[in-house]
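**Q** Residue numbers (the working numbering): 72 to 252.
Even glycine gets a Cβ: it sits at the ideal position worked out from N, Cα and C.
The structure displayed is predicted, hence computed values, not measured ones.
Have a look at the structure that comes next, please.
See the structure below:
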C-alpha cells in the first residue's frame, strides 16, 4: 500500500520551498533520518529479533551542533528519540498489518490493476501502470459473512478509505499543473 506524492518516481508535490504542504505528515517522512533495524537476541537459548533504531548518518538532517538531542545529558533516550522509537514501531506494525490486509484482499479477489493516464496543461503525458486499487463492484457482491469478517478485522473501513481516496488524483494533477506555471 502506498500514498502517491506525485506523478513521477521520486516526485513529491507536497514538499515545496515553503515546506510540507499537507495537513498530515506521513510517518515514513516523520521518522527520517531514522530507520528500524533488527538485532538478534538470544535469551534462554531462544533466538529472537529485537527492533533497534538505526540512523542514516549521511542524511542532511544530521547535525552535531543544532537540532533535537537524541540522548539526555545524564544518559538515556531523550523524549525526541522515544517519539522516534514509537514512530518506527508504528511503521513496523503497520507493515505487518498491511501484508495481512493485502493477503485478505487477494483471497477475495478484490484487488485490480489500474492504469492512470494524465495529460497536463503543458501537454505532457504521464502514465502510471504500476498501481492497484479495490474493485468496488466485487466488494458490493461479497457475501454477508465475508463483509462481517472484513468489518471485524477493520478491513472494510480500509477498503472504503482506499476507494474514497481515488478522487485525490485530481488534486495531484492540479498541484502538478500549478508547479508547471
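1) Check residue 220 in the structure and name its three-state DSSP category.
2) With DSSP as the reference, label residue 84 as helix, strand or coil.
3) What's the call for residue 102, buried or exposed, on a 16-neighbour Cβ count within 10 Å?
4) Determine, using beta-carbon pairs with one atom in the region 205–224 and one in the region 172–179, whether at least three such pairs fall under 8 Å.
5) Examine the Cβ distances between the region 184–202 and the region 214–233 and report whether three or more of them are shorter than 8 Å.
6) Check whether the Cβ atoms of residue 123 and residue 142 sit closer than 9 Å, and answer yes or no.
7) Could you check the C-alpha separation between residue 233 and residue 146 for me, to the nearest Å?
8) If we count the other Cβ atoms within 10 Å of its Cβ and call it buried at 16 or more, is residue 133 buried or exposed?
9) Count the other CB atoms, across all protein chains shown, that sit within 10 Å of the CB of residue 299; report buried if there are 16 or more and exposed otherwise.
10) Please report how far the alpha carbon of residue 88 lies from the alpha carbon of residue 219, in whole angstroms.
11) At what residue ranges does the region 90–139 contain a whole run of the beta strand (DSSP E), taking only runs of 3 or more?
12) In terms of DSSP beta bridges, what is residue 182 paired with?
13) Is it true that the CB of residue 120 sits closer than 9 Å to the CB of residue 111?
**A** From the atom records:
1) Position 149 of the chain shown holds residue 220. If DSSP states are grouped into helix, strand and coil, residue 220 belongs with the helices.
2) Counting from one through the chain shown, the residue named residue 84 turns up at place 13. Residue state, collapsed to three classes: coil.
3) Here residue 102 refers to the residue found at position 31 when the chain shown is read from its first residue. Flag for residue 102 reads buried.
4) Judged by Cβ distances under 8 Å, the region 205–224 makes contact with the region 172–179, as three or more pairs qualify.
5) Too few Cβ pairs lie closer than 8 Å, so no.
6) By 1-based counting over the chain shown, the position of residue 123 is 52. By 1-based counting over the chain shown, the position of residue 142 is 71. No, the Cβ-Cβ distance between residue 123 and residue 142 is not below 9 Å.
7) The sequence position of residue 233 within the chain shown is 162, counting from 1. The sequence position of residue 146 within the chain shown is 75, counting from 1. Near 44 Å, if we compare the C-alpha coordinates of residue 146 and residue 233.
8) Here residue 133 refers to the residue found at position 62 when the chain shown is read from its first residue. Exposed, because fewer than 16 other Cβ atoms sit within 10 Å of the Cβ of residue 133.
9) The chain is shown from 72 up to 252; residue 299 falls before or after that span and cannot be answered.
10) The residue labelled residue 88 in the question sits at position 17 within the chain shown. The residue labelled residue 219 in the question sits at position 148 within the chain shown. The straight-line gap from Cα to Cα measures roughly 46 Å.
11) Correct list: 105–114, 117–126.
12) As a first step, residue 182 is located in the chain shown; it is residue number 111 there, counting from the start. In the DSSP assignment, the residues bridged to residue 182 are 205.
13) For the purposes of this step, residue 111 is taken as the residue at position 40 of the chain shown. For the purposes of this step, residue 120 is taken as the residue at position 49 of the chain shown. Remark: C-beta atoms of residue 111 and residue 120 approach each other more closely than 9 Å.
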